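Student: Last residue of the sequence shown: 475 (the working numbering), numbering continuous. Note that beta-carbon positions come from the ideal geometry of N, C-alpha and C, so glycine has one too. Owing to the predicted nature of the structure, the values given are computational and were not obtained by experimental measurement.
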Amino acid sequence: MSPAFPRLLGDIGGTNARFGWQTQAGAPVTDVAVLPTDQHPTLVQAIRHYLSLSGKPAPRAGGLAIATTITGDQVKMTNHPWQFSIAALQRELGLQRLVVLNDFTALALGLPSLDARELHRVGGGAAVAGAPLAVLGAGTGLGVSGLLATAGDGWVPITGEGGHVSLAAINAREQAVLQQLIARFGHASAERALSGPGLVNLYHAACSLSGQAPQPLTAADVIAGARSGSDPACTEALDLFFGFLGSVAGNLALTLGARGGFFIGGGIAPRLLPELERSTFRERFEAKGRFRDYLAAIPTWVIHATVSPAFVGVARALDAA
Numbered sequence: 155m156s157p158a159f160p161r162l163l164g165d166i167g168g169t170n171a172r173f174g175w176q177t178q179a180g181a182p183v184t185d186v187a188v189l190p191t192d193q194h195p196t197l198v199q200a201i202r203h204y205l206s207l208s209g210k211p212a213p214r215a216g217g218l219a220i221a222t223t224i225t226g227d228q229v230k231m232t233n234h235p236w237q238f239s240i241a242a243l244q245r246e247l248g249l250q251r252l253v254v255l256n257d258f259t260a261l262a263l264g265l266p267s268l269d270a271r272e273l274h275r276v277g278g279g280a281a282v283a284g285a286p287l288a289v290l291g292a293g294t295g296l297g298v299s300g301l302l303a304t305a306g307d308g309w310v311p312i313t314g315e316g317g318h319v320s321l322a323a324i325n326a327r328e329q330a331v332l333q334q335l336i337a338r339f340g341h342a343s344a345e346r347a348l349s350g351p352g353l354v355n356l357y358h359a360a361c362s363l364s365g366q367a368p369q370p371l372t373a374a375d376v377i378a379g380a381r382s383g384s385d386p387a388c389t390e391a392l393d394l395f396f397g398f399l400g401s402v403a404g405n406l407a408l409t410l411g412a413r414g415g416f417f418i419g420g421g422i423a424p425r426l427l428p429e430l431e432r433s434t435f436r437e438r439f440e441a442k443g444r445f446r447d448y449l450a451a452i453p454t455w456v457i458h459a460t461v462s463p464a465f466v467g468v469a470r471a472l473d474a475a
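1. Distance check for GLN333 and ASP185, CA to CA, integer angstroms please.
2. Could you check what DSSP says for ASN476 in three-state terms: helix, strand or coil?
3. So what's LEU422 in DSSP terms, helix, strand or just coil?
4. In terms of residue numbering, what span does the alpha helix (DSSP H) encompassing GLY161 cover?
5. Where does the unbroken alpha helix (DSSP H) through THR225 begin, and where does it stop?
6. Apart from the five residues just before and just after ALA464, which ones in its own chain have a Cβ nearer than 7 Å to its Cβ?
7. Per DSSP, HIS274 is paired with what?
8. What alpha helix (DSSP H) runs, 4 residues minimum, are completely inside the stretch 293-373?
9. From TYR357, ALA380, SER364, pick the residue whose C-alpha is nearest to that of PRO370; which is it?
10. Take GLY217 as the anchor and find which of LEU392, LYS230, ARG172 has the nearest alpha-carbon.
11. Measuring only the C-alpha atoms, how far is GLY306 from LEU287?
12. Which residue's Cα is closest to the Cα of GLY340: ASN325, LEU321, GLU429?
13. Nearest CA to the CA of HIS194: which residue from ALA459, THR169, LEU296?
14. Under the DSSP definition of a beta bridge, which residues are partnered with SER239?
15. Taking the alpha helix (DSSP H) that GLN199 belongs to, which residues open and close that run?
16. Is the distance from the Cβ of ALA407 to the Cβ of ILE452 below 7 Å?
17. Where does ASN233 fall in DSSP's three states?
18. By how many angstroms is the C-alpha of TRP455 removed from the C-alpha of LEU273?
19. Among residues of its own chain, excluding the 5 on either side of LYS442, which ones have a beta-carbon nearer than 7 Å to its beta-carbon?
20. What are the start and end residues of each continuous alpha helix (DSSP H) run of 4 or more residues lying completely inside the stretch 378-424, in chain order?
21. Figure out for me which residue from ARG245, ALA187, GLY226 has the closest Cα to the Cα of LEU255.
22. Which residues does DSSP pair with PRO213 in a beta bridge?
23. Is the beta carbon of LEU410 closer than 7 Å to that of GLY300?
24. Work out the CA separation of GLU246 and ALA474 for me, nearest whole Å.
25. Touching or not, the stretch 308-322 and the stretch 432-442, by the rule of three or more beta carbon pairs under 8 Å?
26. Report the CB separation of GLY317 from LEU296 in whole angstroms; it is logged as a contact under 8 Å.
27. Where does ASP192 fall in DSSP's three states?
28. Taking all protein chains shown into account, do 16 or more other C-beta atoms lie within 10 angstroms of the C-beta of ILE418, making it buried, or fewer, making it exposed?
29. Enumerate in chain order the residues of its own chain whose CB-to-CB distance from ALA387 is below 7 Å, with the five nearest sequence positions on each side excluded.
30. For LEU255, name the three-state secondary structure that DSSP assigns.
31. How big is the Cα-Cα spacing for ILE240 and LEU189?
32. When the Cα of GLY174 is compared with those of ASP192, GLN199, PRO213, THR191, which residue comes out closest?
33. Quick one, are the C-beta atoms of GLY293 and GLY421 less than 7 Å apart?
Structure (C-alpha cells):
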C-alpha cells in the first residue's frame, strides 16, 4: 500500500462535516458519514469521532475541503467557530501529508467527473468542450469557483471568495430589499441573500417592506411557508432568492466566460428543483442586455450527486501535492 494511503477525505461546511475514506489510488470514496459541526467543539475531535465511528485506523494522508478562505497556516471558518493550524492538525493526526483547500475549489476540481445522472439540467444550449466551467452553491454560506482547462487535458481551479461580492438589484423592490440588508449588515453581499441564513434575511426584508410582523422562522420554515402558500412574505423571499441567484450566476458566467457550463451546488438548490424550474432563475441568468444570446447558449445544471464531488476534487488536490 502506498504511503499516501489510506486517506481521510473531508468536505466541511458551516452546518455539516462530511468525511469519507479512500484505500488506494482510483478507489471509490467509501464509509461516508455526515457529522453536525455544532456537536463537536473542534475539527480534530470531529475527525477522531468519525474514525472511531467507522472503525478506521489512523490515516496516512488527509485532504480537507472547508468552507472558508485558505491564505496560510491558520484557518478560521467564515460561518462556524472552528479554527485551526494546518501544521498542528497534521501533527495531531499523525499524517504524512495533509492538504486543506476551499470547499468550492475542491468542488470545481470534481466537476469533470460528474456523471450525467448526477446533473439536473435547467435550460441553456450545448456545452463547449475545453471552455471554462463555473460553479456556485448556496448552503450555510455561498460558495463560488471556476475551472479552467489546460494543455494535456488538465484543469486549474479558481480559488476566490465570490460569495462576498456586492449584491445588485434590477428593480425598485430589490433595491428596497438591499437597503434593508445594508441597514442590518453594513454591506449587502451575495451571501447575505443566497444562503440558508440569507433566505431568512430575505423573509425579514419582505416582512418589513410589507408591514408584516416577522416570525422566528428558519430557512426550512420559509421554504415550507412558500410551498404551502400560507405566508406571502415566505413566497416573496423564495422569489427574491431565485431572482438574485440568477443574476449572480449570470454575472459569474460572464466573468469566467463559462461556455463549458454552469453548475449549481450547495444544499439548497437540489432540494428546490420544482421551484427553481418555475422561478425567474434562468430568465435572470440570461438578462444581461447585449449578451443575452451569449448566456442563453450556456447550459446550467444542478448537482444532485449521492457522494459529494468535493471528495473527488480534494483527492485530486492530494494527488497533485
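Tutor: On the basis of the supplied data:
1. As a working note, residue 185 is residue 31 in the sequence shown. As a working note, residue 333 is residue 179 in the sequence shown. Answer to the nearest angstrom: the Cα atoms are 46 Å apart.
2. Residue 476 cannot be examined here, being either before or after the span of the chain that is shown, 155 to 475.
3. In the sequence shown, residue 422 corresponds to position 268, counting from 1. Residue identity differs from the one stated: residue 422 is Ile in this sequence, not Leu. Coil at ILE422, not helix or strand.
4. Counting from 1 along the sequence shown, the entry for residue 161 is found at position 7. Residue identity differs from the one stated: residue 161 is Arg in this sequence, not Gly. Element bounds for ARG161: not the alpha helix (DSSP H) but the beta strand (DSSP E), 161-166.
5. Locating residue 225 in the sequence shown gives position 71, counting from the first residue. Element bounds for THR225: n/a, residue is neither H nor E.
6. Translated into positions along the sequence shown, residue 464 becomes position 310. For ALA464, where only same-chain residues beyond five positions count, the Cβ hits under 7 Å are ASP165, ALA219, ASP257, ALA260, LEU261, GLY264.
7. Here residue 274 refers to the residue found at position 120 when the sequence shown is read from its first residue. Answer is VAL456.
8. 326-339, 350-364
9. Start at 1 with the first residue of the sequence shown, and residue 370 comes out as number 216. For the residues TYR357, ALA380, SER364, the minimum Cα distance to PRO370 belongs to TYR357.
10. For the purposes of this step, residue 217 is identified with residue 63 of the sequence shown, where counting begins at 1. Comparing Cα positions, the closest option is ARG172.
11. Reading the sequence shown from its first residue, position 152 is the one you call residue 306. Reading the sequence shown from its first residue, position 133 is the one you call residue 287. Cα to Cα, the separation comes out at about 17 Å.
12. Mapped onto the sequence shown, residue 340 falls at position 186. When each option's Cα is compared against that of GLY340, the closest is LEU321.
13. Counted from its first residue, the sequence shown places residue 194 at position 40. Cα-wise, what sits closest to HIS194 is THR169.
14. Taking the sequence shown and counting its residues from 1, one reaches residue 239 at position 85. BP columns for SER239 point to GLN228.
15. In the sequence shown, the residue the question calls residue 199 occupies position 45. Residues 197-208.
16. To locate residue 407, count along the sequence shown from 1; it is residue 253. To locate residue 452, count along the sequence shown from 1; it is residue 298. Yes, Cβ-Cβ distance for ALA407 and ILE452 is below 7 Å.
17. Start at 1 with the first residue of the sequence shown, and residue 233 comes out as number 79. Coil.
18. Here residue 273 refers to the residue found at position 119 of the sequence shown. Here residue 455 refers to the residue found at position 301 of the sequence shown. Going from the Cα of LEU273 to the Cα of TRP455 covers about 6 Å.
19. Counting from 1 along the sequence shown, the entry for residue 442 is found at position 288. Result list for LYS442: GLY404, LEU408, LEU449, in chain order.
20. 386-410
21. In the sequence shown, residue 255 corresponds to position 101, counting from 1. When only C-alpha atoms are compared, the closest one is GLY226.
22. Taking the sequence shown and counting its residues from 1, the one referred to as residue 213 is at position 59. The partner list for PRO213 (beta bridge, DSSP) is empty, contrary to what the question assumes.
23. Start at 1 with the first residue of the sequence shown, and residue 300 comes out as number 146. Start at 1 with the first residue of the sequence shown, and residue 410 comes out as number 256. Their beta carbons are under 7 Å apart, which means GLY300 touches LEU410 by this criterion.
24. Mapped onto the sequence shown, residue 474 falls at position 320. Mapped onto the sequence shown, residue 246 falls at position 92. Roughly 23 Å between the two C-alpha positions.
25. no
26. As a position in the sequence shown, residue 317 is number 163, starting the count at 1. As a position in the sequence shown, residue 296 is number 142, starting the count at 1. With a Cβ gap of about 3 Å, GLY317 and LEU296 count as contacting.
27. Reading the sequence shown from its first residue, position 38 is the one you call residue 192. If DSSP states are grouped into helix, strand and coil, ASP192 belongs with the helices.
28. Taking the first residue of the sequence shown as position 1, residue 418 is located at position 264. Buried: at least 16 other Cβ atoms inside 10 Å.
29. To locate residue 387, count along the sequence shown from 1; it is residue 233. TYR357, ALA360, CYS361, SER364, GLN366, listed in sequence order.
30. Position 101 of the sequence shown, counting from 1, holds the residue named residue 255. Note: LEU255 maps to strand in three-state DSSP.
31. Reading the sequence shown from its first residue, position 86 is the one you call residue 240. Reading the sequence shown from its first residue, position 35 is the one you call residue 189. Roughly 20 Å between the two C-alpha positions.
32. Within the sequence shown, numbered from 1, the residue matching residue 174 stands at position 20. Among ASP192, GLN199, PRO213, THR191, the Cα nearest to that of GLY174 is on PRO213.
33. Counted from its first residue, the sequence shown places residue 293 at position 139. Counted from its first residue, the sequence shown places residue 421 at position 267. It is a contact, given that the beta carbons lie within the stated cut-off.
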